[in-house]
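For reference, the structure discussed in these notes is given below.
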Amino acid sequence: MGGTKELLDTRQAIGQAKSRWNELPIRRKILIGLVAATIPAILISLGIWANRPDYKVLFSNLSPEDSQAIEDELRAGNIPYKISDGGRTISVPSSEIYKTHIRLANKGLPESGSSIGYEGFDKTDFGTTDFVQKLKYQRALQVELERTITQIKEVSAARVHIVLPKETVFTEKEQPAKASIVLKLRPGATLNQSQVNGIVHLVASAVENLDKDNITVIDTHGNVLSAPGQNTFLSDSQLKYKKSVESELQQKVQTILDKVLGPNKSAVQVAAEIELNTTETSSEIYDPDKTVVKSEQATDYSSKGGASPSGIPGVSTAITPNAQAGSSLAEYKGSDSSVEYEVSKTIQKTIEPPGKIKKLSVAVVVDNKIVDGNSVAWTQQELDDIKNIVKNSVGFDLSRGDPEVEVKNIPFDTSLQQELVGAEKALKSERLRNMIIKAVIALIVIGLLIFVIRMIFKVGRESRISELDMGPAQPLMLEQAEQVKEATPELTQAEEEQVPQLPMSPMQKQKQEILEIIEKEPEIVVQLLRDVMSK
C-alpha cells in the first residue's frame, strides 16, 4: 500500500513538472536548455584543464637517430610526449618519467649515451692490431673515468679526453700525457675546490705519466675550474679566506661607486695574492755614528838587573861585569793596554702570521653617464678621480708591487637584462592571465548555478500562485459545467449567458488574450516569431 502511494506521488510530481515546463515561454525553455548544456561542458573543461599532465624533460641533447628511436618506443608504449629544441629534447608527464627511463634503458636507448668501458675487452679479437688495442684501451679508460666522476652527486655527466704520447726510445723527445675534463653539473649545484682537486688527482693517478699540472677541468658553461699553472691546490680554508678578502674589498669599492655613479653603473673586479704561510724575518741594523767598547785589556810589568851596557859596541863592551866592580843595578817598570771597539748593531726578528696581502690588482669598468637623456662618456679627469677613489678604498701600495688600478669607460650591454625583465614580465602576465581565467570561469559557473536555481524557484512559485488562484474546486466545477452544457444543447444564447461563469486566473487571462491575438492577427504573430528566432 505504501509503495503504491509513493508511486502515485512520483507520478504526480512528474506530471506537475511536465505541466510547469509546458507553461514556460519558448525563450525561457531555450535559455534553460542552454544553461543545462553549458554547465556540464564547463565542469568537464575545468576538470580536463586541472588534471592536465605536468611534463618533465626525459632526455636532452639527443642525436636525430636517438630522438627518432625514443619517439617510436614512446608511441609503441602509448606514452604521451612532447618534442622541443628541434627534436633534441623529449618531455613526458612527470608521473611517467621514471618508468619511461627504465623502459628505454632496457631497450638500450639512447644509444649515444651508452659508452663501452672495460667490458669491451671481455671479447678478444685475435686479428686486432696493437694500435687498435691501445686505442680501445684509451677509450675504455676514458669511459671508466667518466663513470667514476659521475658518482659525485653534483655531477650529472662528464667527458674525459686523454692524450697519450707515442712511445719513443729517446728520452729528450718524450712528450707528457695530457687530459681535459668537461663536467655537466646538476641544476643549482657547484663544486668546491677540494672536489675539483679530487677529480684532478683521480685522473692523474689513473693515467700513466700524467702530471696534475697537465689536466684542465671546465664545466659545460665554459668556466675553468682547474687549469695548468693555476694554484688550485689550496685547502678549502685558504681558498675561502682568499675569496673573502677579495669579496670584502670588491664590495667596499662597489658600495662607494654605487653611491657616486648610481646602481648598476659600474663593475669591480679584485684579485688578491695572499701570503698563506707563516714568515719569519731577521735583520741586523748598524749605526756607524755610535761605537761601543767590545773588550779592553791592561798589563803592568817591572824588572831589576845590572847596569845596562853602554859605549861603543865592540870588545870593550863585551867585558864581564867583574871587570867593572862597584857599578849600580838597573830597575825597569811598564804597562801595556788594548781596547777593542765595535759599531752599534740592532738585531730584529719578526714572525708574521699568514693572511697578509702580497699584491693587489683592481679593475673597474664604468658605464656611460646619462646627460639630458643621452648616453655620454666620462671625461679623463672624471676617470682619474674615480681611480683615486678606488685606490684609497682598497689601500693601494705601489711599494708592495701593486699594479696600477685600471678604470675604463665602456658602455654596458643591457640587452640580456632587458630580455630577463621582459621574460619576468611575461611570466607575471601569464600567471595573472591564468588567475583571471580561473576567476572568470568560477564566476560564470556560480552565476549560472544561481540563475538556474532562481529560475526553478520562480517557476515553482508561479505554479503555486496559479493553483491558489484557481482553488482546489475550480477544475471540478469546470468539468461539471461542461457536462451540463453537453446535456442541454437546446439552451439558447441567453440561457448560456445566464449560466454563472467561473473567475479566470491571471495566467488563463493572458492565454486567452494571446489566443485572440493569434486568431485576429496571424501574420503579425508569425513575423514576431521570426524576429525572436533570428535573435
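In my numbering, the protein residues as written are 485 to 1019. For every residue, glycine included, the Cβ atom is placed at its ideal position computed from N, Cα and C. Bear in mind that the values here come from a model prediction, so they are computed numbers and not experimental data.
- The Cβ-Cβ distance between residue 846 and residue 752 falls below 9 Å.
- For residue 696, the enclosing beta strand (DSSP E) covers residues 694 to 703.
- Here the alpha carbon of residue 819 sits roughly 25 Å from the alpha carbon of residue 775.
- Beta-bridge pairing by DSSP links residue 858 to 855.
- About 7 Å separates the CB atoms of residue 546 and residue 574; that is less than 8 Å, so the two are in contact.
- A direct Cα-to-Cα measurement between residue 760 and residue 842 gives close to 10 Å.
- Taken atom to atom, the span from the alpha-carbon of residue 710 to that of residue 681 is near 8 Å.
- Boundaries of the beta strand (DSSP E) harbouring residue 753: 750 to 759, taken from the DSSP string.
- Here residue 544 carries a coil assignment [DSSP, helix/strand/coil].
- Cβ contact annotation for residue 935 (same chain, cutoff 7 Å, sequence separation greater than five): 519, in chain order.
- Per DSSP, residue 898 is not a residue of any alpha helix (DSSP H), being assigned neither H nor E.
- As DSSP reads the structure, residue 782 sits in a beta bridge with 821.
- Residue burial annotation: residue 933 is exposed, with fewer than 16 other C-beta atoms found within 10 angstroms of its C-beta.
- In the DSSP assignment, residue 771 forms a beta bridge with 828.
- Counting along the chain, residue 623 sits inside the alpha helix (DSSP H) bounded by residues 614 to 633.
- When the Cα atoms are used, residue 498 and residue 528 turn out to be separated by approximately 29 Å.
- Counting only residues of its own chain and dropping the five nearest sequence neighbours on each side, residue 712 has a CB closer than 7 Å to the CB of 697, 698 and 700.
- Distance between residue 869 and residue 734, taken at the CA atoms: about 18 Å.
- Bridge pairing for residue 664: 645 and 700 [DSSP].
- Rounded to the nearest angstrom, the gap between the Cα atoms of residue 929 and residue 916 is 20 Å.
- Residue environment analysis places residue 663 among the buried positions, since at least 16 neighbouring C-beta atoms fall within 10 angstroms of its C-beta.
- The beta-carbon distance between residue 614 and residue 660, rounded to whole angstroms, is 22 Å. This is too long to meet the 8 Å contact definition.
- In this structure, the straight-line span from the alpha carbon of residue 830 to that of residue 757 is close to 32 Å.
- Taking a cut-off of 8 Å for Cβ pairs, the stretch 543 to 563 and the stretch 497 to 513 do not touch, as fewer than three such pairs fall below it.
- Rounded to the nearest whole angstrom, the CA to CA distance from residue 762 to residue 838 is 5 Å.
- DSSP places residue 573 inside the beta strand (DSSP E), whose first and last residues are 573 to 577.
- Annotation for residue 683: no beta strand (DSSP E) segment contains it, though the alpha helix (DSSP H) segment containing it runs 677 to 690.
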